[in-house]
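With positions in the sequence shown counted from 1, the corresponding number in the working numbering is that position plus 721. Glycine included, every Cβ here is placed at the ideal spot set by N, Cα and C.
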Amino acid sequence: MAGGPHPQSLRLPWEPVSAATPRARSRAGFALIAVVWSLGLISLLSVALIVGARYRARISSNDTSVAATELAAESAVHVAILTLLAPGASKAEFPLTCRMPGGERATIAMEEETGKVDLNTASLAVLARLFTSLTGDQSLGARIAARVVEFRDQARAKTTNAATAAPNTPAFTTIMQLDTIEGVSPSMFRRAIRFVTVRSGRPEPDPEAATPAMLRLLGAQPPQSPAGRGVLLGGSVTIRADVTASNGTRFIREALVSIGPDNGRSYVIREWRHGDIAPDQPEQVDDRMLASRDCLQSVKHLGS
């Protein structure tokens, strides 16, 4: 009958349903793949979130540990200052190895500024010997020394021409200015920073106050006095605190400190620096050597 349903489209209620068409099977397969892919993506995102959370927690923990170790290093510097101000300071021994209240291991060293090369007052010959030893190149060392002297001369000329400037204003106000001298590379600057000062006022380092490393650089002989120089009771010193936490986090803090009356103060911290590991620095002291030595107790012992 024209216009009626196609004979194959008619199905009696008791006849079974025919198998799905290829197009329907394709749609079902695609849906299954989409579901599996979505589950895999969700699992991957979950793993990424977990790993990211653990990484952020670890970074946060590391940051906290570094901050705590840095604070302990600054506290160790103040321990050294208290040691120098204690009534029994002449009996103190540096480097001081002890344990901070938080359990950190500390090695505290002290260097007198008079035992270093003063960028403001050192002679050209002393400067040339220092920078030649640091660079291993005599020509380069001589050029850097000449540029240091040139920097001083130019600064003094400007001071002389300035009506309101103090007549004895130093050309270098901080050793960090050495980095501005042409020929001083970053690596050489890091090596030199341990051996220069702006607070000595001497044409050459005092052999009695210079470190063995300083004397080797200048080719100078160590002092013949068998007795040690002892602890400086006045003047300017660099205090170096090398602190290691129980988890291995290490931080080195240095401070340039003037000991002695200054406008009613017994000491003045002139400059804070982040120290590097020195190439000739000994290994950290074993924990067993520090077990019974408390940093604060050492200061109390000197004050008693």
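message: Run through the DSSP bridge pairs and tell me what His995 is partnered with.
response: The residue given as residue 995 occupies position 274 in the sequence shown. His995 is bridged by DSSP to Arg974.
*What distance in whole Å lies between the Cβ atoms of Leu861 and Ala913, which are believed to be in contact at a cut-off of 8 Å?*
Residue 913 sits at position 192 when you count from the first residue of the sequence shown. Residue 861 sits at position 140 when you count from the first residue of the sequence shown. Not confirmed; about 13 Å, so no contact.
Note to self: Suppose contacts are defined by Cβ-Cβ distances below 8 Å. Is Ala892 in contact with Asn841 by that definition?
What the structure shows: As a working mapping, residue 892 is identified with position 171 in the sequence shown. As a working mapping, residue 841 is identified with position 120 in the sequence shown. A contact, by the Cβ cut-off of 8 Å.
_So, for Thr848: in the same chain, excluding its five sequence neighbours on each side, which residues have a beta-carbon less than 6 Å away from its beta-carbon?_
Walking along the sequence shown from the start, residue 848 turns up at place 127. Looking at the sequence provided, one finds Leu at residue 848 rather than Thr. The answer, listed in chain order, is Ala866 and Val869.
Please tell me whether, using a cut-off of 7 Å, the distance from the CB of Asp997 to the nearest non-hydrogen atom of the ligand ADP is below it.
You won't find the ligand ADP in this model; it holds no ligand whatsoever.
* Cβ shell of Glu795 (< 7 Å), same chain only, five flanking positions each side left out -> What you label residue 795 is simply residue 74 of the sequence shown in a count that begins at 1. Within the same chain, Arg974 come within 7 Å of Glu795 by CB-CB distance, once the 5 residues on both sides are set aside.
request  = Can you grab the Cα-Cα spacing for the pair Asn968 / Arg1014, in whole Å?
outcome  = Locating residue 968 in the sequence shown gives position 247, counting from the first residue. Locating residue 1014 in the sequence shown gives position 293, counting from the first residue. Per the coordinates, the alpha-carbon of Asn968 lies some 20 Å from the alpha-carbon of Arg1014.
With DSSP as the reference, label Asp858 as helix, strand or coil.
For the purposes of this step, residue 858 is taken as the residue at position 137 of the sequence shown. Here Asp858 sits in coil by DSSP.
Notebook entry, point to check: In angstroms, rounded to a whole number, what distance separates the CA positions of Glu992 and Val958?
Noted result: Here residue 992 is taken as the residue at index 271 of the sequence shown, counted from 1. Here residue 958 is taken as the residue at index 237 of the sequence shown, counted from 1. Taking the Cα positions, Glu992 is about 11 Å away from Val958.
* **Paired residues, beta bridge with Cys819 - DSSP** => Here the question's residue 819 lines up with position 98 in the sequence shown. According to DSSP, which records beta bridges pairwise, Cys819 is partnered with Ala827.
Buried or exposed: Met831, going by 16 or more other Cβ atoms within 10 Å of its Cβ? Walking along the sequence shown from the start, residue 831 turns up at place 110. Around the beta-carbon of Met831, 16 or more other beta-carbon atoms lie within 10 Å, marking it buried.
Measure the CB-CB distance between Thr790 and Arg971 and report whether it falls below 8 Å. As a first step, residue 790 is located in the sequence shown; it is residue number 69 there, counting from the start. As a first step, residue 971 is located in the sequence shown; it is residue number 250 there, counting from the start. Result yes, Cβ atoms of Thr790 and Arg971 sit closer than 8 Å.
**OP:** Would you please state the rounded distance, in angstroms, between the beta carbons of Ile960 and Ala941? I believe it to be under 8 Å.
**Re:** Working through the sequence shown from its first residue, we reach residue 960 at position 239. Working through the sequence shown from its first residue, we reach residue 941 at position 220. Between the beta-carbon of Ile960 and that of Ala941 there is about 24 Å, and that puts the pair past the 8 Å contact cut.
**Study point:** Residue range of the unbroken alpha helix (DSSP H) whose run includes Arg937
**Key:** Along the sequence shown, one-based indexing puts residue 937 at 216. Counting along the chain, the alpha helix (DSSP H) containing Arg937 begins and ends at Pro933 to Leu939.
### Query
Does DSSP put Glu903 in a helix, in a strand, or in coil?
Against the sequence shown, residue 903 aligns to sequence position 182. Looking at Glu903 - three-state DSSP - the assignment turns out to be coil, as it is neither helix nor strand.
Worksheet item: Would you call the CB atoms of Val978 and Ala793 closer than 8 Å?
Response: The residue given as residue 978 occupies position 257 in the sequence shown. The residue given as residue 793 occupies position 72 in the sequence shown. Not in contact: Val978 and Ala793 (Cβ atoms no closer than 8 Å).
- Given a threshold of 16 other Cβ atoms within 10 Å of its Cβ, counted over all protein chains shown, does Gly996 qualify as buried or as exposed? Taking the first residue of the sequence shown as 1, we reach residue 996 at position 275. Looking at its Cβ environment, which holds 16 or more other Cβ atoms inside 10 Å, Gly996 is buried.
message: Counting C-beta neighbours from all protein chains within 10 Å, is the total for Ala818 16 or more, i.e. buried, or is it exposed?
response: One-based indexing of the sequence shown puts residue 818 at position 97. The residue asked about is misnamed: residue 818 is Thr in this sequence, not Ala. Looking at its Cβ environment, which holds 16 or more other Cβ atoms inside 10 Å, Thr818 is buried.
- [ ] Excluding the 5 residues preceding and the 5 following Glu903 in the sequence, name in chain order all residues of the same chain whose CB lies nearer than 7 Å to its CB.
- [x] Position 182 of the sequence shown holds residue 903. Around Glu903: Arg868.
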